[in-house]
Amino acid sequence: MMVNVRLGKTDITVNKNGFGALPIQRISVKDAVCLLHKAYDGGINFYDTARMYTDSEEKLGAAFSDRRSQIKISSKTGATNTEDFWKDLETTLRSLKTDYLDIYQFHNPAFCPKPGDESGIYDAALEAKRKGMILHIGITNHRLNVAREAIDSGLYETLQFPFCYLSGEPELKLLEGCRKQDMGFLSMKALSGGLITNAAAAYAFQAQFPETLPLWGVQRESELDQFLDFVKNPPVMNEELSAVIERDRRELSGEFCRGCGYCMPCPAGIEINNCARMSLLLRRSPAAPYLTPQWQEKMKKIEDCRHCESCKKKCPYGLDTPELLKRNYEDYKEILAGKEF
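Numbering (the working numbering), first residue to last: 1342 to 1682.
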């Protein structure tokens, strides 16, 4: 059973499974193209990327330049001025081998871009829209206040925000706000950056909200196969999946790193977005891949922390990341010493 979703006032209607193209920057062009073609053949027709995702746009361009009209593509710019906005947009279109984007999004700005503001980027987006370079203007964020302002402004056609079964009342209110404004809602971090390991439960949760378009970050063919099977045979919320969700909500309540990476780069070279959640990764997935000499070296870099608190200031969730790093490193050393696993 193929389920579609309408992205609000854009009137874009696509399969209710978006392909989050951040992970494909980690695989070869050949493997990425094969993966993307398989997703397309399986009915997935919405692909989300960003200028910041290194060569993700180039890989999408290599896969879809000959079938561009059959899919929808959204990308993002982190520009904070008009010069960088146009530079990003032109690079994105060239990389994707297309002359338009279905949705162009401001990528997690610390403010809500508006017409006439000092940055000028919203006005630039309007001009790009008039020229047909972009069809719809969207925004992504990890900050509730910016997301609320974007919804209330009436300026945006889509909002991309973290939304999964670990979300609470504030996120549900954002979804309700989008519904009232007829804004499309793209669910970012539908698997909470890898902390949610039961894809069926995640899928069934999103299915309860007909207006959400979950963006599944896919890197491996086995992951894609699972979601393609869900397209044909969608998991339905039942007692078993509800129990999984309740257990995860209890285990992951409180402060934890979502792995969004907005604290990066670290001046000391620490891979904060993974090191600050290592304890959870070790307990929610096979531990062996994280105990290799390579990962031991990455965790040891925590000792080089300069306590500049740059990461803490940039965290959209207000986490004390230096303290999280410290706790995770102590836990990691205990595991290596054989006290667990």
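Think of the CB as a built atom: it goes at the ideal place given N, C-alpha and C, for glycine as much as any other residue.
Model, not experiment: these values are computed from the prediction.
{"Check": "Indicate the three-state DSSP secondary structure (helix, strand or coil) for ARG1484 in the structure shown.", "Outcome": "coil"}
{"Check": "Classify THR1439 as buried or exposed, calling it buried when 16 or more other Cβ atoms lie within 10 Å of its own Cβ.", "Outcome": "buried"}
{"Check": "Could you tell me if GLU1587 is buried or exposed, where buried requires 16 or more neighbouring beta carbons within 10 angstroms of its beta carbon?", "Outcome": "exposed"}
{"Check": "Measure the C-alpha to C-alpha separation of PHE1504 and GLU1431 and round it to an integer number of angstroms.", "Outcome": "30 Å"}
{"Check": "Using DSSP with H/G/I as helix, E/B as strand and the rest coil, what is THR1553?", "Outcome": "strand"}
{"Check": "Identify the residues that DSSP records as bridge partners of ARG1347: which are they?", "Outcome": "THR1354"}
{"Check": "Taking 7 Å as the limit between beta carbons, can you name the residues of its chain near ASP1661, skipping five residues before and five after?", "Outcome": "LYS1653"}
{"Check": "Using 8 Å as the cut-off, can you tell me whether the segment 1464 to 1479 makes contact with the segment 1443 to 1451, which would need three or more C-beta pairs spanning the two stretches below that distance?", "Outcome": "yes"}
{"Check": "Please confirm whether ASN1614 and GLY1602 have their CB atoms less than 7 Å apart.", "Outcome": "yes"}
{"Check": "For the candidate residues SER1410, PRO1657, GLN1637, whose alpha-carbon lies nearest to that of ALA1678?", "Outcome": "GLN1637"}
{"Check": "Enumerate in chain order the residues of its own chain whose CB-to-CB distance from ASP1429 is below 8 Å, with the five nearest sequence positions on each side excluded.", "Outcome": "ARG1392, THR1418, GLY1419, ALA1420"}
{"Check": "Where does HIS1448 fall in DSSP's three states?", "Outcome": "strand"}
{"Check": "Keeping to the same chain, check which residues put their C-beta closer than 6 Å to that of ALA1540; ignore five residues upstream and five downstream.", "Outcome": "GLN1567"}
{"Check": "With a cut-off of 8 Å on the beta carbons, I'd call SER1533 and ARG1599 a contact; round off their distance for me.", "Outcome": "6 Å"}
{"Check": "For the beta strand (DSSP E) that contains PHE1387, what are its first and last residues?", "Outcome": "1387 to 1389"}
{"Check": "Which of the three DSSP states, helix, strand or coil, is assigned to PHE1597?", "Outcome": "coil"}
{"Check": "Evaluate the contact criterion for the segment 1367 to 1378 versus the segment 1569 to 1584: three or more CB pairs, one atom per stretch, below 8 Å.", "Outcome": "no"}
{"Check": "Within 10 angstroms of the Cβ of PHE1682, are there 16 or more other Cβ atoms? Answer buried if so, exposed if not.", "Outcome": "Low per-residue confidence applies at PHE1682: pLDDT is 46, beneath 50, and the placement is therefore not dependable, though the value from the model is reported in the following sentence. It is exposed - the Cβ of PHE1682 has fewer than 16 other Cβ atoms within 10 Å."}
{"Check": "Where does LEU1632 sit, in a helix, a strand or coil, going by DSSP?", "Outcome": "coil"}
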